[in-house]
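Mapped onto UniProt numbering, the consecutive letters of the sequence shown carry residue numbers 1 to 846. We treat Cβ as the ideally placed atom computed from N, Cα and C, and that holds for glycine. Reviewing the structure listed below.
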Amino acid sequence: MPLRTVPMSSTFDNDTLASLMAEARQGFLEEEAPLYVDTLRQGVTAPQWDYDKLMRAAHTLKGGAGTFQMPALQALAHQLEDLLELMGQHSLPAGEPLVRRGVEEISWLLDNVDNPLITGDPALLAAIAELVAQERPTESSPEDELRLVLTGALEDCLQVAEGRLKQGDLGAVGELLENCTFLAQELQLPWLESMIAPLGETASQEIAQQVIAQIRQQRDQQLGVVAVPAPERPLEPEPLPTQEAATVLTHVRLPLKTIEFLANTGGDLLLYLEKLSGQQEQVEVTIRYLKDLVQRFEPVREQMDEVYEQLALQYRATEGTEFDPLEMDRFSALHETLQACQEFVAQISENAEDLDLVTRGAARELVSLRRNLNQIYSESTKARLNPFSILTSPFTDKIQRLAQRYGKQVHCRIEGAEVLLDRVLLEQLKGPLTHLVNNAFDHGIEPPEERRAQGKSTTAEIVLRAQVQGNQALIRIQDDGRGVNLERVYRKAQERGLTQVAFSQLSPEEILDFLFMAGFSTSAQVSELSGRGVGLDAVRTEIRQLGGTVEVASTPGQGTQFTLRLPLAVSLLPLLIVRAQGRQLGFLADSVLDILREIPVAKDFSQPLHMDWQGQDLRVYLPEHLLEYAVPLEPPLAQAILVLRGPQGQPLGLVVDELNEVRQRMVKRVEEIFPLPPYFVGAAVLPSGESIPVLLPSQMRRPGQTGAQPLTPLGAEPMGHKPTILIAEDSVYTRRILSSVLGQAGYEILACRDGYEAWEVLLQNTNKVNLVLTDLEMPRLNGLDLIQSIREHPQVNHLPVVMLTSRTGDRHRAKATSLGVNGYLGKPCNPSELLATIGQFVPVAQ
C-alpha cells in the first residue's frame with residue numbers, strides 16, 4: 001500500500017548531507033552488511049532455521065541497498081525475503097538450495113558493489129520468483145494483508161524515522177506522524193492512532209523513540225508474536241539518561257575532515273615550533289656573544305676606574321673655594337662621562353644576565369611545548385589510521401568466492417596486516433586494489449590442470465603486503481601465476497600503433513608499460529573481471545591522483561608483482577641532515593648504517609671508489625654521481641663518508657662535508673608538478689624556513705643505470721628584456737617550483753597565491769605582463785573566473801592564458817576552452833612541455 005510522504009526537512013547543507021550519506025554508505029558496506037551476511041550464512045547452516053531472523057537480515061540488506069542505490073543487491077534481497085517468508089509459513093524443501101545460493105550471491109554483489117557490469121545472476125532471480133509465485137496463495141485473507149502491512153510498510157516507516165532521528169533530523173517526526181495516521185485510518189487501527197498522538201504535541205527525539213518502541217510492542221501483540229526485544233528497541237519507555245550512564249560514553253564520532261584538520265594543524269604547529277626553536281637558539285648565541293663582550297670589556301673598565309681615581313687626585317680647587325681638596329672632592333665633566341660609562345657597562349652586564357635567565361626559562365617551556373605538541377600530533381595522527389587488514393580482509397573471502405565461481409584453487413595471504421595507514425588512503429585504494437586482484441586472478445592464476453602440468457602446486461597464491469618506508473607507503477600485490485607474456489603485449493602494442501621499435505630493442509620495463517595505456521587489453525573476450533581495457537589504466541590514474549607511482553615486474557612462468565608507492569601527507573620522522581658539495585640533504589635515520597669520519601687525505605673522489613666496510617665491498621660516491629642536478633656542484637670537502645642502505649639493501653657510501661645531529665623533523669609531501677626522481681620522498685622545513693629534500697637511498701640509481709633527465713633544464717641567462725609571466729597558484733610548493741623553473745629559463749615572474757590576488761596584480765601591471773599561468777582550483781577566485789575576468793577586460797583581454805591543473809577531464813578542459821584559454825596542461829607536467837607551451841606564446845628574448 002503506497003504511503004504519502006512529506007518533504008524531508010534537514011538542517012544540513014548539501015555538502016554536509018552528501019558527506020553524511022557517503023559515511024553512512026561506507027558504514028553499511030563495512031560494518032552492517034557483513035554482519036547480516038554472517039547472520040544469513042550461519043542461519044542456513046544451522047540444523048533448525050530461524051526464519052524470522054533470516055527475514056530480518058534480508059529485509060535490512062534490502063533497505064540498505066535501496067537507500068544507497070544498489071539495485072542488484074536490493075532486488076536479490078527482496079526476492080530472498082519473500083522466499084524466506086513462505087518457507088516460514090509452511091515446509092518448502094525446494095527453497096533451501098535457492099536460499100543458500102542467494103546468500104553467496106549477496107556476498108558476491110557486495111564484493112563487486114562498485115562494478116556496474118555485475119548485476120547478479122538472472123537465473124537465480126528467475127528461479128526464486130517462479131517458486132514464490134507457485135507457492136504463494138492467489139488470494140490473501142484480510143489477516144494476511146494486515147500482517148503484511150504491519151510487518152512491511154509500517155516497519156519501513158519506523159526504520160526510516162529511526163535512522164533520521166539518529167542523525168538529529170527532527171523532520172522525521174512529522175513525516176512519521178503523517179504516515180502512521182494514514183495507515184491507522186486506512187486499516188482502521190485505533191490503537192495506532194492513539195499511540196502516535198504524542199507526536200503531534202512535541203518534536204522531542206526521546207518521545208519519538210519511545211513511541212516507536214511502543215508501536216512495535218503493540219503491533220507484535222496484535223499479530224500474536226512473542227517478541228524478544230532488542231536493546232535498541234525497548235518495550236518500556238527509556239528513562240532519561242542519568243549522570244552515571246552518561247559517563248559510560250567513551251567514544252564520539254567526528255567527521256574525517258575534522259580529524260585531518262587537527263593532524264595537519266598539529267603538524268603546522270610543530271613546524272612553527274621548529275622556527276621558534278631556531279630563533280631561540282639564535283637569541284642564546286647573541287646573549288653568549290654579549291656576555292663575552294662584557295667579559296672582554298672588564299680590563300677596559302678597570303683601566304677606566306684607575307683613570308677616574310687619578311683625575312680625582314690631580315684635580316685642584318679653584319681660587320676662592322671654601323674647602324680644601326682633601327675636605328671635599330670636586331669633579332669635572334670628564335669625571336661625569338667616565339662614571340656614566342661605568343654605570344652603562346654595569347647595566348649591560350646585568351641585562352645580559354637577565355636575558356640569559358629569561359632565555360633559559362623559555363628553553364624549558366619550549367621543551368614542554370614540544371613534548372605536548374608531539375603528543376597531540378601523535379594522537380591526532382593515530383585517530384586517522386587504520387590497520388592494513390581493514391582494507392585487505394574482505395579480499396580473502398572474495399578470492400575464495402572467485403575461485404569457486406571460476407574453478408580455480410587460490411589462497412590469499414596478507415603480510416603487514418598490522419601496518420597502520422591513513423584511513424582516507426585505505427578508502428581510496430579500494431578501487432585500484434580490486435582491479436589488481438581481479439587482474440592477478442583472471443590473467444595470472446592458471447587453472448589447476450595447467451599448474452599441475454608445469455610442476456606447480458595446484459593451489460595458487462596471491463599475496464597482499466604493506467610496509468611503511470620513511471614517509472612512503474608501499475603496497476605490493478604478487479601472484480605466482482603464469483606471468484606476463486611480453487611478446488603478446490608487444491604484438492598488441494604494435495597493432496594499436498603504440499610502437500614501431502623492434503622487440504629486441506625494448507626493455508621488459510618498456511614493454512610492461514604498455515599495459516597501462518588507455519584501452520589496452522590482451523584479453524580475447526570481455527568478462528566480468530577483465531577484458532575492457534580500463535583496469536590498469538584506471539589504477540595508474542587513481543594512484544597518480546594520490547601522488548603515487550605504480551611499478552610492475554614479471555617473470556614468465558613464475559608470476560607478477562605490482563608495487564604501489566604512495567606518499568604520506570605529513571610525517572614526523574628522525575632525520576640526519578648533512579651538507580654535501582654545497583647542498584643540504586636529509587636522510588631518514590633508519591637508512592643510515594654507519595658514519596666513517598676517518599678519510600684518507602689522498603683519496604680522489606672524482607670517480608666512485610671501492611672501500612672495505614665490515615667485510616663488505618662499499619662503493620663510495622659524490623652526490624653529483626647519484627643525484628640529478630642540472631648545475632655543477634661545489635668541490636667536496638670530504639669530512640666524512642655516510643654509509644647508507646642502498647638498493648636491494650646493499651651498503652652505499654656518500655661523501656659529505658658536514659654532519660648535524662639526528663632530530664625529529666616534519667617531512668611534507670611535495671605536489672608533483674613535474675616528474676620527481678624515485679628517491680625524492682618529500683621536503684623537510686628547517687627552523688630557518690629553508691626547505692631541503694629528503695632522500696631515500698634505496699631508490700638511488702648508481703652510475704651506469706638508466707636515469708631520468710635533470711628536473712629543470714638550465715641554460716645561459718638570456719640577455720635583453722625578460723618577458724613577464726604572472727603565476728596564480730595557491731600551493732606554496734608549486735608556486736616556488738614554477739617560479740624557479742620559469743625564472744631559470746629566462747622569464748620574469750610575478751607569483752600570486754590565488755586568482756583574486758593575481759587579478760589585482762594584473763591590473764597594476766597591464767603593460768608588463770606577457771602571459772598568465774593559472775591553476776584551476778583556488779580560494780577567493782578560481783582559474784575559470786580569472787580567465788573570464790581577463791577576457792572581459794579591454795586592457796588585458798589579448799593576453800595568452802595557460803592553465804596548469806590536476807583536473808584533466810574533458811569537462812574541465814572544454815569549459816576552460818570556451819572561456820578562451822590558450823593552453824591546457826595537466827599535473828604533473830614535464831618542464832620541457834611547460835616551457836614549450838609557454839614558448840609558443842611568449843618566447844624568451846635571446
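Nearest candidate by alpha-carbon position, reference Y272, set Q472, N770, L373: L373
Range covered by the alpha helix (DSSP H) that runs through E155: 153-166
Relative to the C-alpha of S380, which candidate in G267, V821, L391 has its C-alpha closest? G267
G171 vs S688 beta-carbon contact at 8 Å: no
Identify the residues that DSSP records as bridge partners of L464: which are they? I414, I477
Check L726 in the structure and name its three-state DSSP category. strand
If you drop the 5 nearest sequence neighbours on each side, which residues of the same chain put their C-beta closer than 8 Å to that of V410? I399, Q400, L402, A403, F441, I445, T459, A460, E461, I462
If you draw a straight line from the alpha carbon of Q282 to that of V821, how long is it in whole angstroms? 49 Å
Going along the chain, which unbroken runs of the beta strand (DSSP E) with 3 or more residues stay wholly within the region 87-137? none
Relative to the C-alpha of Q639, which residue among V578, E658, V667, R645 is closest? E658
Quick one: residues in its chain with C-beta nearer than 6 Å to the C-beta of Q26, no 5 flanking neighbours on either side, listed in chain order? none
D617 to L642, Cα distance in whole Å? 14 Å
Going by DSSP, what residue range makes up the alpha helix (DSSP H) through C180? 171-187
Please name the residue or residues paired with G653 in a DSSP beta bridge. V620, V643
Starting from the Cα of residue 860, find the closest Cα among N660, T805, Q339 and give me that residue. Residue numbering for the chain in the displayed model covers 1 to 846; residue 860 lies beyond these limits and cannot be assessed.
Just to confirm, are R219 and L146 a CB contact at a threshold of 8 Å? no
Mark V307 as exposed unless 16 or more other C-beta atoms lie within 10 angstroms of its C-beta, in which case mark it buried. exposed
Rounded to whole angstroms, what's the CA-CA distance from R544 to Y679? Just pull it up for me. 17 Å
E274: which of S731, R665, Y621 sits nearest, CA to CA? R665
Q295 to L355 span [Cα, whole Å]: 16 Å
With R56 and V103 assumed to form a contact (beta carbons below 8 Å), what rounded beta-carbon distance in angstroms separates them? That belief does not hold up - the Cβ atoms of R56 and V103 are roughly 14 Å apart, past 8 Å.
If contact is defined by three or more beta carbon pairs under 8 Å, each pair taking one atom from either stretch, is the region 411-422 in contact with the region 464-471? yes
What number of angstroms, rounded off, separates the C-alpha of V802 from the C-alpha of Q561? 39 Å
Which value, in whole angstroms, describes the spacing of the CA atoms of residue 849 and L369? Given a span of 1 to 846 for the chain in the structure shown, any question on residue 849 remains unanswerable.
Proximal residues to L498 (C-beta, below 7 Å), its chain only, five neighbours per side dropped: F514, M517
Put L498 into one of helix, strand or coil per three-state DSSP. coil
Quick check: the region 574-588 against the region 544-558, are at least 3 beta-carbon pairs closer than 8 Å? no
Going along the chain, which residues of its own chain have a beta-carbon closer than 7 Å to the beta-carbon of V539, five neighbours each way excluded? P432, H435, L436, V550
When DSSP labels each residue in this structure, what does T458 get in the three-state scheme? coil
Exposed or buried, L293, counting other C-beta atoms within 10 Å across all chains shown (16 or more means buried)? exposed
Going by beta carbon distance, what residues of the same chain come within less than 6 Å of E624, once the five residues before and after it are set aside? L633
Below 8 Å CB to CB, which residues in the same chain sit around L426 once its five sequence neighbours on both sides are set aside? N386, F388, I390, L391
To the nearest angstrom, report how far apart I595 and S393 are at their CA atoms. 42 Å
In the DSSP output, which residue or residues are listed as bridge partners for M666? L572
Give the straight-line distance between the Cα atoms of A58 and N179, rounded to the nearest whole angstrom. 24 Å
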